[in-house]
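Engineer: Going down the list, the sequences are from chains P and L. Residue numbers for the first sequence follow this note's numbering, so the first one is 1 and each next one is one higher. Residue numbers for the second sequence follow this note's numbering, so the first one is 1001 and each next one is one higher.
Protein chains: 2
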Amino acid sequence: MTTRRPLLKDVAARAEVSLTTVSIVLNGKAGTNIPADTQARVVAAAAELGYRPNAMARGLRRRRSDTIGVISDEIATTPFAGAMLQGAQDAAWEAGVVLLLVNTARDREMEARAIELMLDRQVDAIVYATMYHQVIEPPPALREVRSVLMDARTADGSLPSVVPDDYAAACEAVEHLLARGHRRIGFINTAERVPAADERLDGYRSVLERHGIPFDEVLVVDGESGDTHAGLEAAGRLLDLEARPTALFCFNDRVAMGAYRAIRLRGLRVPDDVSVVGFDNMEQIAPWLDPPLTTMQLPHYEMGRWAVEHVLADLRGELAGMPVQKRMPCPIVVRDSVAAPGRVAAP
Amino acid sequence: MTTRRPLLKDVAARAEVSLTTVSIVLNGKAGTNIPADTQARVVAAAAELGYRPNAMARGLRRRRSDTIGVISDEIATTPFAGAMLQGAQDAAWEAGVVLLLVNTARDREMEARAIELMLDRQVDAIVYATMYHQVIEPPPALREVRSVLMDARTADGSLPSVVPDDYAAACEAVEHLLARGHRRIGFINTAERVPAADERLDGYRSVLERHGIPFDEVLVVDGESGDTHAGLEAAGRLLDLEARPTALFCFNDRVAMGAYRAIRLRGLRVPDDVSVVGFDNMEQIAPWLDPPLTTMQLPHYEMGRWAVEHVLADLRGELAGMPVQKRMPCPIVVRDSVAAPGRVAAP
DNA sequence: TCGGTGTAGTGAAACCTTTTACTAGTTCAG
DNA sequence: CTGAACTAGTAAAAGGTTTCACTACACCGA
Chain P
1 MTTRRPLLKD VAARAEVSLT TVSIVLNGKA GTNIPADTQA RVVAAAAELG
51 YRPNAMARGL RRRRSDTIGV ISDEIATTPF AGAMLQGAQD AAWEAGVVLL
101 LVNTARDREM EARAIELMLD RQVDAIVYAT MYHQVIEPPP ALREVRSVLM
151 DARTADGSLP SVVPDDYAAA CEAVEHLLAR GHRRIGFINT AERVPAADER
201 LDGYRSVLER HGIPFDEVLV VDGESGDTHA GLEAAGRLLD LEARPTALFC
251 FNDRVAMGAY RAIRLRGLRV PDDVSVVGFD NMEQIAPWLD PPLTTMQLPH
301 YEMGRWAVEH VLADLRGELA GMPVQKRMPC PIVVRDSVAA PGRVAAP
Chain L
1001 MTTRRPLLKD VAARAEVSLT TVSIVLNGKA GTNIPADTQA RVVAAAAELG
1051 YRPNAMARGL RRRRSDTIGV ISDEIATTPF AGAMLQGAQD AAWEAGVVLL
1101 LVNTARDREM EARAIELMLD RQVDAIVYAT MYHQVIEPPP ALREVRSVLM
1151 DARTADGSLP SVVPDDYAAA CEAVEHLLAR GHRRIGFINT AERVPAADER
1201 LDGYRSVLER HGIPFDEVLV VDGESGDTHA GLEAAGRLLD LEARPTALFC
1251 FNDRVAMGAY RAIRLRGLRV PDDVSVVGFD NMEQIAPWLD PPLTTMQLPH
1301 YEMGRWAVEH VLADLRGELA GMPVQKRMPC PIVVRDSVAA PGRVAAP
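1) Does the beta carbon of S65/P come closer than 9 Å to any beta carbon on chain L?
2) Quick check on DSSP: helix, strand or coil for S225/P?
3) Looking at the unbroken beta strand (DSSP E) that takes in F80/P, where does it start and where does it end?
4) Pick helix, strand or coil for S337/P, following the three-state DSSP scheme.
5) Find the nearest neighbour of R1264/L within the set S1206/L, I1285/L, V1207/L and D1240/L, judged by alpha-carbon distance.
6) What in chain L is Cβ-close to L102/P, meaning under 9 Å?
7) Relative to the alpha-carbon of A1169/L, which residue among R1180/L, M1328/L and V1162/L has its alpha-carbon at the smallest distance?
8) Threshold first: 4 residues or longer. Then list the alpha helix (DSSP H) segments lying entirely within the region 1131-1204 of chain L, N to C.
9) Would the beta-carbon of M120/P fall within 9 Å of that of R146/P?
10) Using beta carbons (cut-off 9 Å, strictly below), is E1048/L in contact with chain P?
11) Which residues in the same chain have their Cβ closer than 8 Å to the Cβ of L238/P, if we skip the five residues on either side of it in sequence?
12) Along chain P, in chain order, which residues have C-beta atoms closer than 9 Å to that of W1288/L?
13) Could you give the DSSP three-state label for G69/P: helix, strand or coil?
14) Taking G59/P as part of the alpha helix (DSSP H), name the residues at either end of that continuous run.
15) Going along chain L in order, which residues have a C-beta closer than 7 Å to the C-beta of D336/P?
16) If you draw a straight line from the C-alpha of R1183/L to the C-alpha of A1340/L, how long is it?
17) In whole angstroms, what is the alpha-carbon distance linking L26/P and A45/P?
18) Nearest to V270/P by CA position, among V334/P, D290/P, L208/P and Q89/P, is which residue?
19) Can at least three beta-carbon pairs, one atom from the region 1307-1318 of chain L and one from the region 1271-1289 of chain L, be found at a separation below 8 Å?
20) Could you confirm whether any beta carbon from chain L is found closer than 9 Å to the beta carbon of L159/P?
21) Tell me, please, which residues DSSP counts as bridged to N1103/L.
22) With distances taken from CA atoms, which of V11/P, P331/P, T3/P and D10/P is nearest E175/P?
23) So, does the region 1067-1084 of chain L touch the region 52-63 of chain P, judging by three or more C-beta pairs under 8 Å?
24) Who are the near neighbours of R1061/L in its chain, counting only those whose CB is closer than 6 Å to its CB and skipping five residues on each side?
25) Tell me the DSSP secondary structure of Y260/P in three-state form.
26) Whose CA, out of R58/P, R63/P and A12/P, lies closest to the CA of A40/P?
27) Along the alpha helix (DSSP H) that carries S1018/L, what are the first and last residues, could you check?
28) Measuring alpha carbon to alpha carbon, tell me which residue in P1160/L, R1254/L, G1181/L and S1206/L is nearest Q1325/L.
29) Identify the continuous alpha helix (DSSP H) that holds L1268/L and give its terminal residues.
30) Candidates E1048/L, G1028/L and G1082/L: which alpha carbon is nearest M1303/L's?
31) What is the rounded straight-line gap between the Cα of V97/P and the Cα of E1111/L?
32) Using the Cα positions of T154/P and E137/P, report the straight-line distance between them to the nearest angstrom.
33) Spell out whether any CB of chain L is found under 9 Å from the CB atom of E111/P.
34) Just the Cα atoms here: how many angstroms apart are A1320/L and G226/P?
35) Roughly how many angstroms lie between the CA atoms of D336/P and A141/P, to the nearest whole one?
36) So that I know if they touch, is there some Cβ in chain L lying closer than 9 Å to that of V70/P?
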């Protein structure tokens, strides 16, 4: 019932030229000499028939596919995956490229098979994504193809990568608090050994130092995990200190949610008594807390976009030299959880 | 430096048979007669060379690609997309199929182009996904290929589809409250005209009716939107009623979050004074509220899985008759926000 | 001996493009 | 008047697989 897709040869017949000519015209090859009227005839014929090239045949001949493979370690359990994929997808779409997605749940064997599958399909490049900033050793097969790491990096910088600039973000968060007059700032970090934890601690310390404020180790606590319970517990420890901090910088928004609860439990208020800054700008949480949370935005969309744009530029041969190690800024999102410090000491 | 990928002809040379034989053996064609020892020779040769078929060439010849296109209306702003994609991906992986993902932001033109792009690439089928239960008119081109709607359906049931069973879910939620002794149950619906709103209201009414409880329209309020502010405001209206409901059934977890706040603002407690049931089981919210929220789980993962499995079965010709309209159950997730009703009336 | 059947394959076409190498005719400089 | 250079194309190969139609041989029954 549906009539056969038109082929190059149908266009050729209709325009009364050869296959070759049609191909040349439609692919806009420079440096060949087909007069304008012939070109117009071909283009018209193609349009009339609604010709679209068969991507398989084209890919077979050209040895590429206008497809980029995306390998992600997990996608279901994090709301960030969506933003990252969206960024990647937008960049791909603009370039006329499409994404082949495989989710590997951190299974090395599955990763290897996914890469094989992608190579079978002649993907032009592979984007390897993790759902939070990590230092990893990527599957060896990844090096056999143009690739880029997204929200991950290698220890030796041997592959191009993009990660959030956690150090700079922590600096900005702490600067924000200092600018409002806070001098005793608690930092609820995570106990997990992830780059974000180290970098943010570095940022926290170096900003204090720049401002001549001595580092006080009792103000830094590691929540067991990065969730609300940890935030509740860790914030409690800080709030019960003799000299209570006037502000809390939290590892993420879920921790901040726990911190809010700890603050409320002690009859204190955000931001009047204690200011809070979160991290991640989780759409489902940060704007809806009471009061809405000031937090650092993780640049997932931007990283997704950058990764694809970068690898496409690489494919076009526009890049030279060492693999780029991109650090993406995390802008601050100011809401209502920060104010000038009120009372000075604990009850 | 990397040596050329081995081809069928390399395997043939090594096994000292013809191309044809290798192809037959490797594709496990039944009904042909290649003796076991020859087969073994071929298989060994393929393994030794690490032969993998070129998917482009194979696709060109076979006129399929072992690829399924996924069109989604948006992926970044909802945490549900991930679960749905994960379900689809898992089902695809098990079947040796891979997903081609395009995100179209509800743009008809872009949708049409995405479908064309996918057809160019010989996708075996297309899954068309929306991020919440909708009745839609899909792009016409979708009917030119095997397809299935995910979290969406047509008005006339002319395409196979899978959606959550919002009616049954609402029934279960209300039954849960009734079983604990509640008789005055408020329902915070959304004012948006979506199938979920109608179906859940139907479910709410019919369960009350089954239990001989008269429907009281003051107990049903439409929050302007489905967010926390709407929940705060709508729950407030219900809590300030002369005869206050002892339980609130909320359109989603964000609304429930607002309801919690309204309850607390009035000096009441969850669940001692007011029980709350949410909807969606949002991972970032429901378990972390205080107390953790009892809610209905949207079956995104299962819908993703079903859609792909279904369309693959369809491709294998295992389906007959009318397009299947699947309604997926939404199991209840019991946490701590429901108790037996305490005091009977308002202060 | 002849025809039929079964075994163990093989050669070549088909899938649809892109690209290379070439031709036939014209123009123009020397 | 010759050879080079240009114009406007075209034929055919190449890309790697699947599949159709066929062969060559052995064996068996009549």
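The C-beta atom is built at its ideal place from N, Cα and C for all residues, glycine as well.
Structural biologist: From the atom records:
1) Taking the first residue of the first sequence as 1, we reach residue 65/P at position 65. So yes, S65/P belongs to the interface.
2) Sequence index remark: in the first sequence, residue 225/P carries index 225 (1-based). S225/P falls in the coil class under three-state DSSP.
3) Position 80 of the first sequence, counted from the start, is the residue given in the question as residue 80/P. F80/P -> not in any beta strand (DSSP E); alpha helix (DSSP H) instead, spanning F80 to E94.
4) Counting from 1 along the first sequence, the entry for residue 337/P is found at position 337. Here S337/P sits in coil by DSSP.
5) In the second sequence, the residue the question calls residue 1264/L occupies position 264. Of the listed residues, the one whose Cα sits closest to R1264/L is D1240/L.
6) Taking the first sequence and counting its residues from 1, the one referred to as residue 102/P is at position 102. The sequence given here has Val at residue 102/P, not Leu. Those within 9 Å of V102/P in chain L are Q1089, A1092, W1093, V1098 and L1099.
7) Walking along the second sequence from the start, residue 1169/L turns up at place 169. Checking every option, the nearest Cα to that of A1169/L belongs to M1328/L.
8) 1166-1179
9) In the first sequence, the residue the question calls residue 120/P occupies position 120. In the first sequence, the residue the question calls residue 146/P occupies position 146. Before going further, note that residue 120/P is Asp rather than Met in the sequence given. Cβ atoms of D120/P and R146/P: not closer than 9 Å.
10) Locating residue 1048/L in the second sequence gives position 48, counting from the first residue. No, E1048/L does not count as interfacial toward chain P.
11) The residue labelled residue 238/P in the question sits at position 238 within the first sequence. Answer for L238/P: G186, I188, L219, V221, R244, P245 and L248, listed in chain order.
12) Your numbering for residue 1288/L matches position 288 in the second sequence. Under the 9 Å cutoff, chain P gives D227, T228, H229, R254, M257, G258 and I285.
13) Residue 69/P sits at position 69 when you count from the first residue of the first sequence. The answer is strand: DSSP assigns G69/P an E or B state.
14) Working through the first sequence from its first residue, we reach residue 59/P at position 59. Unbroken alpha helix (DSSP H) run through G59/P: A55 to R62.
15) Residue mapping note: residue 336/P aligns to position 336 of the first sequence, counting from 1. Those within 7 Å of D336/P in chain L number zero; the least Cβ separation is about 14 Å.
16) Here residue 1183/L is taken as the residue at index 183 of the second sequence, counted from 1. Here residue 1340/L is taken as the residue at index 340 of the second sequence, counted from 1. Spanning the two alpha carbons is a distance of roughly 10 Å.
17) By 1-based counting over the first sequence, the position of residue 26/P is 26. By 1-based counting over the first sequence, the position of residue 45/P is 45. So the alpha carbons of these two residues sit roughly 11 Å apart.
18) Counting from 1 along the first sequence, the entry for residue 270/P is found at position 270. Comparing Cα positions, the closest option is D290/P.
19) no
20) As a working mapping, residue 159/P is identified with position 159 in the first sequence. It does not; no Cβ of chain L falls within 9 Å.
21) As a first step, residue 1103/L is located in the second sequence; it is residue number 103 there, counting from the start. According to DSSP, N1103/L bridges with S1072/L.
22) Taking the first sequence and counting its residues from 1, one reaches residue 175/P at position 175. The residue with the shortest Cα to Cα distance from E175/P is P331/P.
23) no
24) As a first step, residue 1061/L is located in the second sequence; it is residue number 61 there, counting from the start. Excluding positions up to five away in sequence, the list is empty.
25) Along the first sequence, read from residue 1 onward, the residue named residue 260/P stands at position 260. Of the three classes helix, strand and coil, the one that applies to Y260/P here is helix, per DSSP.
26) Reading the first sequence from its first residue, position 40 is the one you call residue 40/P. Checking every option, the nearest Cα to that of A40/P belongs to A12/P.
27) On the second sequence, position 18 is the one that residue 1018/L refers to. Per DSSP, S1018/L belongs to no alpha helix (DSSP H) and is neither H nor E.
28) Residue 1325/L sits at position 325 when you count from the first residue of the second sequence. Looking at the Cα atoms, P1160/L is the closest of the given residues.
29) Locating residue 1268/L in the second sequence gives position 268, where the first residue counts as 1. Element bounds for L1268/L: n/a, residue is neither H nor E.
30) Working through the second sequence from its first residue, we reach residue 1303/L at position 303. Checked all of E1048/L, G1028/L and G1082/L; the closest Cα to M1303/L is G1082/L.
31) Here residue 97/P refers to the residue found at position 97 when the first sequence is read from its first residue. Here residue 1111/L refers to the residue found at position 111 when the second sequence is read from its first residue. Whole-angstrom Cα-Cα distance: 15 Å.
32) Within the first sequence, the letter at position 154 stands for residue 154/P. Within the first sequence, the letter at position 137 stands for residue 137/P. Taking the straight line joining both Cα atoms gives about 6 Å.
33) Reading the first sequence from its first residue, position 111 is the one you call residue 111/P. False, the Cβ-Cβ gap to chain L never drops below 9 Å.
34) As a working note, residue 1320/L is residue 320 in the second sequence. As a working note, residue 226/P is residue 226 in the first sequence. About 50 Å.
35) The residue labelled residue 336/P in the question sits at position 336 within the first sequence. The residue labelled residue 141/P in the question sits at position 141 within the first sequence. Straight-line Cα distance between these residues: approximately 48 Å.
36) Position 70 of the first sequence, counted from the start, is the residue given in the question as residue 70/P. By this cut-off, V70/P is an interface position.
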